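A.B. asks:
The structure is reproduced here in structure tokens:
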């Protein structure tokens, strides 16, 4: 049985009569989900909310429930490995192409008197909730006009608290990119033409948008992806005109960057993560450039191995595998909430610096990776492994 409080069960019973989706099943079913750990109380909100920690009754993990509130989980987008065969297989008519931003995904929604940002897993993100006014100043107006829509957004940049990669054109802090608007409670996304009109009307920042394209004319799409690859951008998301079909395609350089970033943390990352990205790199490199020659493999080695020598030297000096994040908050309360989130998620964090500057709280934190430290240190200290 998963540990939960009597208060959690009481709040679930209070919400249940007011939520049509919960009422599809008897209250006892949801109480069992709570006791099994599939359903968890959401922390850090004035309105009582619950999140699905695991898939349940056909509902995906990350779905959020409250009184008269359902925030569906954002669906995972299928990946294609070859444009020339993948695009016509799934898309029969016009489609739009949006830049795929390297960052982390949040759903912004209003519940009660709060606007909250939820991560894909259904946690409330204190950082994105704190910073959205800097980038989406008309968000409150939008929710007044469109209370049954959810704003799907990518948070990206070197000043984010979760992801070690970001678009090369963001040099400091973060930016927000609105990539979809979702109908509540159904979870359907607005078709691109309708979405683009609303995004422009409320002056929401967006990824680069291109199109429409057709499946039989892809030359300009190849040119776009070669440019993105040369500029170090992640890739694209292809969206059908009716908004029902999404496909993603990632540039070769992005696959290599994924490997470079995670290689020091191999004790915390499964080895198949590397294998999958090498396969993706080979396929995308071959499709975009038509060759797999010497410089292709030099590019792999230069990208993956950069920084490892410094890592090994630091480990030899008794240091640990870690990652530094420099963050900017509007309120101290948001910073403290982020630290509480890390504790809840069992992420080991050290606070190195906290200072005020130009109306913001500037913070430097270091994430510690014990398993990765152990993984490399055992090898560097001469321990044997049977493999």
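Numbering (my numbering), first residue to last: 6 to 392.
Think of the CB as a built atom: it goes at the ideal place given N, C-alpha and C, for glycine as much as any other residue.
In this text, all values refer to a predicted model and were calculated from it rather than measured experimentally.
Ordered along the chain, which non-local residues of its own chain (more than five positions away) have a Cβ less than 7 Å from that of residue 182?
C.D. replies: Cβ neighbours of residue 182 beyond the five flanking positions: 106, 158, 159, 161, 210, 211 and 212.
A.B. asks: In chain order, what residues of the same chain lie with their CB nearer than 6 Å to the CB of residue 387, ignoring the 5 residues before and after it?
C.D. replies: Taken in chain order, the list of residues that qualify is empty.
A.B. asks: Pick out whichever of 48, 230 and 94 has its Cα sitting closest to the Cα of residue 221.
C.D. replies: Selected option, being the one with the closest Cα: 94.
A.B. asks: For residue 301, which three-state DSSP category applies?
C.D. replies: Of the three classes helix, strand and coil, the one that applies to residue 301 here is helix, per DSSP.
A.B. asks: To which residues does DSSP link residue 244 through a beta bridge?
C.D. replies: Bridge partners of residue 244: 101 and 251.
A.B. asks: Would the beta-carbon of residue 115 fall within 9 Å of that of residue 79?
C.D. replies: Contact flag unset, no.
A.B. asks: Could you compute how far the alpha carbon of residue 334 sits from the alpha carbon of residue 218?
C.D. replies: Near 40 Å, if we compare the C-alpha coordinates of residue 218 and residue 334.
A.B. asks: Terminal residues of the continuous beta strand (DSSP E) containing residue 365?
C.D. replies: From DSSP, the beta strand (DSSP E) with residue 365 extends over 365-373.
A.B. asks: So what does residue 109 bridge to, in DSSP terms?
C.D. replies: Looking at the DSSP assignment, residue 109 forms a beta bridge with 160.
A.B. asks: Report the option in 229, 151 and 173 whose CA atom is closest to the CA atom of residue 203.
C.D. replies: The shortest C-alpha separation from residue 203 is found at 151.
A.B. asks: On a CA-only basis, which of 248, 233 and 247 is nearest residue 241? Give me that one, please.
C.D. replies: The residue with the shortest Cα to Cα distance from residue 241 is 233.
A.B. asks: Do you know whose CA, among 274, 392, 370 and 379, lies nearest residue 166's CA?
C.D. replies: That would be 370, whose Cα lies nearest to the Cα of residue 166.
A.B. asks: Let's test the definition: count the other Cβ atoms within 10 Å of the Cβ of residue 381 and tell me whether it reaches 16, buried, or not, exposed.
C.D. replies: Residue 381 comes out buried.
A.B. asks: With burial defined as no fewer than 16 other Cβ atoms inside 10 Å of the residue's Cβ, what is the status of residue 300: buried or exposed?
C.D. replies: Residue 300 should be labelled exposed.
A.B. asks: How many Å lie between residue 74 and residue 192 at the Cα?
C.D. replies: Looking at the two C-alpha atoms, the distance is approximately 12 Å.
A.B. asks: At what residues does the alpha helix (DSSP H) containing residue 264 begin and finish?
C.D. replies: It spans 257-267 - the alpha helix (DSSP H) in which residue 264 sits, taken as one unbroken run.
A.B. asks: Kindly indicate the opening and closing residues of the alpha helix (DSSP H) around residue 314.
C.D. replies: That run of the alpha helix (DSSP H) goes 313-321.
A.B. asks: What distance in whole Å lies between the Cβ atoms of residue 120 and residue 109, which are believed to be in contact at a cut-off of 8 Å?
C.D. replies: Not confirmed; about 18 Å, so no contact.
A.B. asks: Determine the DSSP secondary structure at residue 6, reduced to helix, strand or coil.
C.D. replies: Low confidence applies to residue 6: its pLDDT is 49, below 50, so where it sits in the model is not reliable, and the reading given next is rough at best. It is coil, neither helix nor strand.
A.B. asks: Report yes if the CB atom of residue 67 is closer than 9 Å to the CB atom of residue 53, and no otherwise.
C.D. replies: Not closer than 9 Å, so no.
A.B. asks: On the three-state DSSP scale, how would you describe residue 56?
C.D. replies: Strand, per DSSP.
A.B. asks: Any idea what DSSP makes of residue 31, helix, strand or coil?
C.D. replies: Correct three-state label for residue 31: coil.
A.B. asks: CA-CA distance, residue 128 and residue 295?
C.D. replies: Approximately 43 Å, taken between the alpha carbons.
A.B. asks: Given residue 293, which residues of its chain have a CB within under 8 Å of its CB, disregarding the five upstream and five downstream residues?
C.D. replies: Correct list, in chain order: 227, 230, 231, 234, 256 and 257.
A.B. asks: Could you tell me which uninterrupted beta strand (DSSP E) segments, each at least 3 residues in length, are contained entirely in the stretch 136-212, listed from first to last along the chain?
C.D. replies: The qualifying runs are 154-161 and 180-188.
A.B. asks: Could you give the DSSP three-state label for residue 334: helix, strand or coil?
C.D. replies: The answer is strand: DSSP assigns residue 334 an E or B state.
A.B. asks: In this structure, does DSSP put residue 388 in helix, strand or coil?
C.D. replies: Note: residue 388 maps to coil in three-state DSSP.
A.B. asks: Could you spell out the range, first to last residue, of the alpha helix (DSSP H) harbouring residue 284?
C.D. replies: 277-294 is the extent of the alpha helix (DSSP H) around residue 284.
A.B. asks: From this set, 375, 373 and 104, which residue's C-alpha is nearest residue 252's C-alpha?
C.D. replies: The candidate whose alpha carbon is nearest that of residue 252 is 104.
A.B. asks: Label residue 290 either buried or exposed according to how many other C-beta atoms from any shown protein chain fall within 10 Å of its C-beta, with 16 as the threshold for buried.
C.D. replies: When all chains shown are included, residue 290 counts as buried.
A.B. asks: Would you identify the three-state DSSP class for residue 74, choosing helix, strand or coil?
C.D. replies: Residue state, collapsed to three classes: strand.
A.B. asks: With H, G and I counted as helix, E and B as strand and the rest as coil, what does DSSP make of residue 23?
C.D. replies: Reduced to three states, the DSSP call for residue 23 is helix.
A.B. asks: By Cβ distance, which residues of its chain are closer than 8 Å to residue 336, with the 5 residues on each side in sequence left out?
C.D. replies: Counting only Cβ-Cβ distances below 8 Å, and skipping sequence neighbours, we find 135 and 366.
A.B. asks: Return the bridge partner residues of residue 86 from the DSSP annotation.
C.D. replies: Note: residue 86 sits in no beta bridge, so no partner.
A.B. asks: Does the beta-carbon distance from residue 268 to residue 283 come in below 9 Å?
C.D. replies: Not a contact, by the Cβ cut-off of 9 Å.
A.B. asks: Just how far apart, CA to CA, sit residue 141 and residue 384?
C.D. replies: Computed Cα separation, rounded: 48 Å.
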